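Chains as they are written, first to last, in my numbering: chain A, -7 to 319; chain B, -7 to 319; chain C, -7 to 319; chain D, -7 to 319.
Glycine included, every Cβ here is placed at the ideal spot set by N, Cα and C.
It should be emphasised that the depicted structure is a prediction, and the values quoted were computed from it without experimental measurement.
Below is one structure, written out as structure tokens, with a few remarks after it.
4 protein chains.
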Amino acid sequence: MTSYRYATRLNSFASNAQSYWPDLTGKPTPMQMAERAATVRGLTDLDLNYPDHAGDDMAAQTRRLADLGLGVNGLAMRYYTNPNFKLGAFTHPDPAVRQEAIDLTKKGIDAARETGSDLMTIWLGQDGFDYSFQADYNRMWADEVAAIREVAEHDPDCQISIEYKPNEPRAFSLLPDMATTLLAIKEAGSPNLGVTLDFAHVLYADEVPAFAAAMIHRHSRLLGVHLNDGYGKRDDGLMVGSVNTKATLELLVQIQRDGYDGAIYFDTFPDASGLDPVAECEANIETVERLLRAAGRLSADNRLSEATSRQDAVTAQQIVNAALEGT
Amino acid sequence: MTSYRYATRLNSFASNAQSYWPDLTGKPTPMQMAERAATVRGLTDLDLNYPDHAGDDMAAQTRRLADLGLGVNGLAMRYYTNPNFKLGAFTHPDPAVRQEAIDLTKKGIDAARETGSDLMTIWLGQDGFDYSFQADYNRMWADEVAAIREVAEHDPDCQISIEYKPNEPRAFSLLPDMATTLLAIKEAGSPNLGVTLDFAHVLYADEVPAFAAAMIHRHSRLLGVHLNDGYGKRDDGLMVGSVNTKATLELLVQIQRDGYDGAIYFDTFPDASGLDPVAECEANIETVERLLRAAGRLSADNRLSEATSRQDAVTAQQIVNAALEGT
Amino acid sequence: MTSYRYATRLNSFASNAQSYWPDLTGKPTPMQMAERAATVRGLTDLDLNYPDHAGDDMAAQTRRLADLGLGVNGLAMRYYTNPNFKLGAFTHPDPAVRQEAIDLTKKGIDAARETGSDLMTIWLGQDGFDYSFQADYNRMWADEVAAIREVAEHDPDCQISIEYKPNEPRAFSLLPDMATTLLAIKEAGSPNLGVTLDFAHVLYADEVPAFAAAMIHRHSRLLGVHLNDGYGKRDDGLMVGSVNTKATLELLVQIQRDGYDGAIYFDTFPDASGLDPVAECEANIETVERLLRAAGRLSADNRLSEATSRQDAVTAQQIVNAALEGT
Amino acid sequence: MTSYRYATRLNSFASNAQSYWPDLTGKPTPMQMAERAATVRGLTDLDLNYPDHAGDDMAAQTRRLADLGLGVNGLAMRYYTNPNFKLGAFTHPDPAVRQEAIDLTKKGIDAARETGSDLMTIWLGQDGFDYSFQADYNRMWADEVAAIREVAEHDPDCQISIEYKPNEPRAFSLLPDMATTLLAIKEAGSPNLGVTLDFAHVLYADEVPAFAAAMIHRHSRLLGVHLNDGYGKRDDGLMVGSVNTKATLELLVQIQRDGYDGAIYFDTFPDASGLDPVAECEANIETVERLLRAAGRLSADNRLSEATSRQDAVTAQQIVNAALEGT
């Protein structure tokens, strides 16, 4: 059975903060959240948001996390420091604001490298449009691609992974789906670019996760896998396998076949409805292990690939049902 | 374990008609499709569309089906005989066309009774609107409710079950969802009215199936359950449990608790992509039996109801995962 | 031409706060936002969130708003004071937390009355579910209805208006759409209950706004109209008429016909993407006035009602197109 | 003002066939429908489906259409002749069925050329998947791209335009959106490939039409524009401008700027609800002319491009509102 590192969203551990830290006023610090995350059985890594979770000394912060038993899987950009970013980061119409977003990203890449990681995930949610006649699409696209290239060239040894999402916060994102992201990456042309696939974003984009992964593998590189679940109408951030169990299993089979060896990161929102984030993360790990065992049973059985080669969905379902039941 | 009758969609058995009936020209007859359906292991019943599947002598037709080992679960209205019905059946603006739809329904109810069944399912897909300013909503609603009452009163011993669907063929249906249907039934007031819940329609309406079933049980009566599956963006008609396994299990648990004892009807479309309809139907029965076993394990375990009473989704997921794995 | 009071969302005026109030640290106060809102030409009223926007002395706060030329249209409940409300307000499984939400609502009703308004809008976004097997739907529904009845009976002279929304923050709301809300109101039975229709929520619920308004008028009372716009996939909060111009016009025609005389409230989010909230609100008022003029032209022309009575969408479109063009 | 040829969907003219042709039994012939279409004021062209609408002698058929005053804008492939195509045309797992689809397409291209047109539109709706584990995505993609290349190379002087659609008839199309289609075209590499943009498909794919057009222009060529309208949840096929008036106007402005000089084709479904197809088509032409006049007013006013360059949506809306009102 393939073995993955398991990483998770640090902010989840602010869930029910007042009951976990009765004396806390305000929000927990990143290190407090990390200490709580470290109690999750099976968790190996964290992703840190930049600049939100970053301290002045990333190397020291990394050592403190290592003392808790946690590695840094990578950093992820957040463009909240300047309120003007609401109208766009890499596509802001004001060249000064746009450059500020680019420079912040470069600093984030430097910070990622100081942790020893070589992975920066970029989600460009602010780059989009809400209204007809709001945007000059050609200029916006050119600005986006040029900025992606500029940050990728900042440090060729750091992998830059673009995480797409169709909507939210903008009504429409410039990079809403797998294929538009691949078009941008091809146009940018930097070899250290790749894609992070977030399961709930993929559903929200009306895509099949395993198909998206296969296309990313064919046309670029899959650099990150965010597992969670949802109903396809918004970015629900639910527990892994809680809704689309078979699509999750199919994704795991696909990324194993394509040789993905990065972390499995849980981008779930237990804090949104007050769930226990430690139990929730342990449930996610348990579900992935359960599905990886089913994936193992499937790969040992060539009847599935024969059924798939005929697009025989009935036989494939029966084989998958049995594999999920452990029989 | 609860035992259900299993019924299915007759038109599914036109799938790959030319390879099944090499000498066939045109479409198979209803009785040809029934003969093919009779080869499905475990199938007990059929639903017949009216007037499409009805012959001149319903009693004789019922006996021929009985000879094949199949009962008639009920009839289902189709409003295709008059092309004017495209603009509306019970809500057509022309009183003569509207009355024709009502009268056709009454004949269908009579035909249902001649089969020995007491169930007529009505799907009012043509009753809706496509454009702003196309419809006088108050008149349309009043026409719909009055027609539902009129056909219900035609034969108080026949259960009239309304099957809702949010869109298609009209851009918006007048009875799109569970609650609007219940409002219409309350206003019509006839005691022999109830609701048929179609799983894929429920997803398409952005509803949770078990919640819809519970509300129908509280406010009216659940008279029909159509199982299938889909992705919530259209009426996919996929195999049971192929996408939303847990929501299907939750629905089965809910209807058992509420005492549903009608048939489980498979409203799937194997013919849409050329799947083998016999194997597909057998897979659906097998999946339901599998899920009913899991439901039995869950009902024997009061940890689930305790978790649900706290809305503790993490614990509930773990219990359900184990029950589905058969452990 | 019908004349409406125009109210708007106070928090919109935090948009670009740092450029409007260069010396501001943190967020602007409610009164600062009100002062900015008062510069909007044509704005007559505000809605205040409770408890967020409420001070200790509502009468004094109302006088200060009056000095700015603004009335208080009503109050709107927000359940953010206790983090436990994330799992539910009126449906929280812990009776103590549930009662806290009810008591907070009663205090909000008292505060509304102290402003001289008789309108409290309740949006129960936290009352819902995210997962299969998370909720006991019957208990949740009974708790919701009982709490609605309890707060309605607290002050029979205060109108309690329920604003529905299908999803967000929970994956599924208990009161997601027009008809479910009407079922709850019928079951609660209090005469001072009614419904607030939010245009973008209606689109998000896959409903036609004018149809929803007509059904609310038939089965209960329309107590609030929130205008904005969006693409139906989320609660976009865009400028009025920016996407669904004709559906907005149809809604205005419908509520005029049904005698709605409350305020037109703009529930838009200019702050989400950094638009100028004063110009945005003025554009909304200008658009509504433009559409009310078109509505006047339509009501003076009986060709439209004739076309609608035949469901003749082609003729209706041509008449509406001409009315919108001012010809 | 730009002047376009106007083409339309021939099958629309089967709407209410029995009342138009009282003596007709069965369906009207393509030439009967063309005769009815020829009564539409302003219509210049038809698109013919292949093989459905094609006779033995395309040149003679073209002359008969010319006698009616109608040109042939192009042909459009339909894969209905072999029921096996339901599981796939260019991606059918059986090489013989797949080759049959390719060969049929080549014949269609030959037929298009015999009409004097150089445009073949290909919609690959059957090429997709319904279930997890049904498809080998890499093989399916390679098969699709190779077949597209093969038919494109069949006649380099015929433009081959791919029309995408996200869902239906399959749950997921292989070429669901603008960017996936562009990826396939880039990989196929044939210079005579391009894209047909269908407005309702674009909405269904959760895309902004003008953005899609701009990206197609940047990365390939826009070879066809299908106008209609809808609500984004399915392929509604409504009258142009009936829902998303501003997005339609923005698309017209964008394609004018990018130099599109093909026909405007109305892909609407008046037959689905029994509308008069002649009046409906005339209304579509009238709406486009109305919007082109508004586009002319906008292009003469550089305040709009200034607002767009700042992403100032408020100012842009006000300018567009005024242009639509003709002021």
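In this structure Y257 (chain C) is not in contact with T36 (chain C), their Cβ atoms being roughly 11 Å apart against a cut-off of 8 Å.
Annotation for V64 (chain C): the continuous beta strand (DSSP E) segment containing it runs 63 to 69. In this structure, DSSP gives M170 (chain D) a helical state, which the three-state scheme calls helix. Secondary structure of D293 (chain C) (DSSP, three-state): coil.
Distances from the CA of E27 (chain C) to each of C:L60, C:G108, C:D263, C:P201 were compared; the closest alpha carbon is that of C:L60.
Ranking C:P14, C:N236, C:V232 by CA distance to the CA of G224 (chain D) puts C:N236 first. In the DSSP assignment, E136 (chain D) falls outside any beta strand (DSSP E) and within the unbroken alpha helix (DSSP H) covering 129 to 146. Taking the Cα of A163 (chain D) as reference, the smallest distance to any Cα among A:L189, A:I154, A:D198, A:A180 is reached at A:D198. For G186 (chain C), the uninterrupted beta strand (DSSP E) run begins and ends at 185 to 190, by DSSP. Rounded to whole angstroms, the separation of the alpha carbons of Q246 (chain C) and G254 (chain C) is 14 Å. For R162 (chain B), the chain D residues whose C-beta falls within less than 8 Å of its own C-beta are S265, listed in chain order. Rounded to the nearest angstrom, the Cβ distance from H211 (chain A) to L174 (chain D) is 11 Å, too far for a contact under 8 Å.
The continuous alpha helix (DSSP H) containing R28 (chain B) extends over residues 22 to 29.
Following the DSSP letters along the chain, one finds Q246 (chain A) in no beta strand (DSSP E) but inside the alpha helix (DSSP H) bounded by residues 237 to 249. In the three-state reduction of the DSSP assignment, S265 (chain C) falls in the coil class, being assigned neither a helical nor a strand state. Distance from the Cα of V306 (chain B) is smallest, within the candidate group A:S301, A:E272, A:A315, for A:E272.
Within chain D, S124 have C-beta atoms less than 7 Å from the C-beta of K238 (chain A), given in sequence order. Per DSSP, the beta-bridge partners of H218 (chain A) are A:D190, A:Y257.
For P161 (chain D), the closest alpha carbon among the candidates D:T300, D:A68, D:K78, D:S4 is that of D:K78. Residue pairing of T0 (chain A) in beta bridges, as defined by DSSP: A:L38, A:F258. Within the DSSP bridge table, the entry for S165 (chain A) names A:G120 as partners.
The beta carbon of V194 (chain D) does not come within 9 Å of any beta carbon belonging to chain A, so the residue lies off that interface. Taking a cut-off of 8 Å for Cβ pairs, the segment 78 to 92 of chain B and the segment 40 to 55 of chain B do not touch, as fewer than three such pairs fall below it. Q248 (chain C) places its beta carbon 9 Å or farther from that of S301 (chain C). For the pair A192 (chain B) and L195 (chain A), the Cα-to-Cα distance works out to about 17 Å.
Around the beta carbon of D86 (chain A), fewer than 16 other beta carbons lie within 10 angstroms, which makes this residue exposed. Using a Cβ-Cβ cut-off of 9 Å, M207 (chain C) does not count as an interface residue toward chain A, since no Cβ of chain A sits closer than that to its own. Taking a 10 Å sphere around the C-beta of R90 (chain C), we find 16 or more other C-beta atoms and assign the residue as buried. When only Cα atoms are considered, A127 (chain D) and F121 (chain D) end up about 7 Å apart. Using a CB distance below 7 Å, the part of the segment 220 to 251 of chain C facing chain B consists of K238, A239, E242, ordered along the chain.
Going by DSSP, E160 (chain A) is part of no alpha helix (DSSP H) at all; its letter is neither H nor E. When the alpha-carbon of R(-3) (chain D) is set against those of D:D227, D:K238, D:G216, the nearest one is in D:G216. Taking the C-beta atoms as reference points, L111 (chain C) is found no nearer than 9 Å to P43 (chain C). In this structure, A30 (chain B) and K19 (chain B) do not form a Cβ contact; the two beta carbons are roughly 18 Å apart against a cut-off of 8 Å.
Here S(-5) (chain C) carries a coil assignment [DSSP, helix/strand/coil]. Taking 9 Å as the CB threshold, E278 (chain C) lines the interface with chain D.
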